[in-house]
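Numbering (the UniProt record's numbering), first residue to last: 1 to 283.
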């Protein structure tokens with residue numbers, strides 16, 4: 001078979017790689033690198049090749065590609081039929097739980113470090129009489145809430161930031177009963193611990209309630225002790241009729257926007273336990 005000279009730079013990448021492999025040289029780079037390496041090996045930018053060498057090389061390449069395609073197709077078919085398993089993912093070094101959250105399986109298997117905040121509702125308060133039905137049903141509400149598999153660790157500032165403020169002299173502030181009920185519902189939803197709720201609730205007392213807590217000679221050790229004392233010492237100052245009269249005489253202040261006036265009247269109405277239709281009547 002006659003041979004003829006070819007410029008190495010004009011050869012295709014498959015031919016270059018074949019020639020380099022035959023010379024046991026590196027063949028896994030870009031074409032300029034392959035050309036330079038072959039020129040350095042031959043000591044010339046030209047070399048003699050037969051047509052059969054080039055054609056055979058193309059046939060080898062086609063055969064290699066065809067074999068690879070067939071192998072991939074057979075592997076995919078085997079995986080689809082469940083005959084071959086997917087190779088396992090290499091193990092990853094463990095990351096401290098303080099840096100990244102645990103996965104769901106680890107959370108499900110690990111024991112809970114905290115017990116969700118649980119409140120026991122008394123049937124009545126000796127100082128206040130029967131507590132509203134929503135207070136007595138708070139345990140039922142709590143048990144109906146699904147326990148989460150993982151809990152965010154709340155800081156005191158988080159809890160203080162979401163709790164309402166209790167000021168017995170503020171018309172738009174919730175009553176003591178409503179204040180306690182609101183906190184307990186939030187505690188049920190977010191699964192706060194009792195000591196955290198007890199701390200944050202006392203931080204939300206304003207006006208006379210703040211002076212009351214500061215002047216006590218005892219420290220509340222449980223949530224039950226705190227809410228019983230608060231409800232007993234701060235019963236609602238206004239009856240429903242009193243609040244209706246205050247709403248009837250309420251007027252928008254000159255420096256008060258319409259939105260501010262609307263929400264102020266709504267807060268007063270809800271403190272008096274009025275329904276929405278009645279509250280709208282006074283706006």
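Yeah, the Cβ is synthetic: ideal placement off N, Cα and C, and Gly gets one too.
Please read all numbers here as calculations on a predicted model, not as lab measurements.
Quiz item: Where does the unbroken beta strand (DSSP E) through residue 4 begin, and where does it stop?
Solution: 3–7
Exercise. State the CB to CB distance for the pair residue 192 and residue 234, rounded to an integer number of angstroms; the pair is presumed to be in contact (CB under 8 Å).
Key: Rounded, the Cβ-Cβ distance is 23 Å, inconsistent with contact.
Self-check item: Proximity below 8 Å, CB of residue 170 to CB of residue 215
Solution: A distance of 8 Å or more separates the beta carbons of residue 170 and residue 215.
Quiz item: residue 50 bridges to which residues according to DSSP?
Solution: 3
Quiz item: Do you know how far the Cα of residue 226 is from the Cα of residue 179?
Solution: 12 Å
Quiz item: Do you know how far the Cα of residue 172 is from the Cα of residue 221?
Solution: 29 Å
Quiz item: Is the CB-CB distance between residue 209 and residue 166 below 8 Å?
Solution: Yes, Cβ-Cβ distance for residue 209 and residue 166 is below 8 Å.
Exercise. Could you check what DSSP says for residue 166 in three-state terms: helix, strand or coil?
Key: strand
Quiz item: Considering only residues of the same chain and omitting the five flanking positions on each side of residue 17, which have a CB-CB separation below 7 Å?
Solution: 27 and 34
Quiz item: Excluding five sequence neighbours on each side, which residues of the same chain lie with their C-beta closer than 7 Å to the C-beta of residue 199?
Solution: 156
Quiz item: Of the residues 31, 258 and 11, which one's Cα is nearest the Cα of residue 47?
Solution: 11
Quiz item: Cα separation between residue 37 and residue 20?
Solution: 8 Å
Quiz item: Just the Cα atoms here: how many angstroms apart are residue 230 and residue 190?
Solution: Distance from the CA atom of residue 230 to the CA atom of residue 190, rounded to whole angstroms, is 23 Å.
Quiz item: Between 181, 160 and 7, which lies nearest to residue 224 when the distance is taken from Cα to Cα?
Solution: 181
Quiz prompt | Proximity below 8 Å, CB of residue 45 to CB of residue 77 | solution = no
Quiz item: Taking DSSP as the reference, what is the three-state secondary structure of residue 287?
Solution: Beyond the ends of the chain as shown, which are 1 and 283, falls residue 287; an answer cannot be given.
Self-check item: Alpha carbon of residue 204 to alpha carbon of residue 197, nearest angstrom
Solution: Separation of residue 204 and residue 197 (C-alpha to C-alpha, rounded to the nearest whole angstrom) is 11 Å.
Quiz prompt | Reference residue 159, options 13, 201, 41 and 70, closest by Cα | solution = For residue 159, the nearest C-alpha among the options comes from 201.
Practice problem: State buried or exposed for residue 228, treating a residue as buried only when at least 16 other CB atoms are found within 10 Å of its CB. | Solution: buried
Self-check item: Identity of the residue in 211, 162, 29 and 75 nearest residue 187 by Cα
Solution: 162
Quiz prompt | Whole-angstrom C-beta distance between residue 49 and residue 6, which should lie under 8 Å | solution = About 5 Å separates the CB atoms of residue 6 and residue 49; that is less than 8 Å, so the two are in contact.
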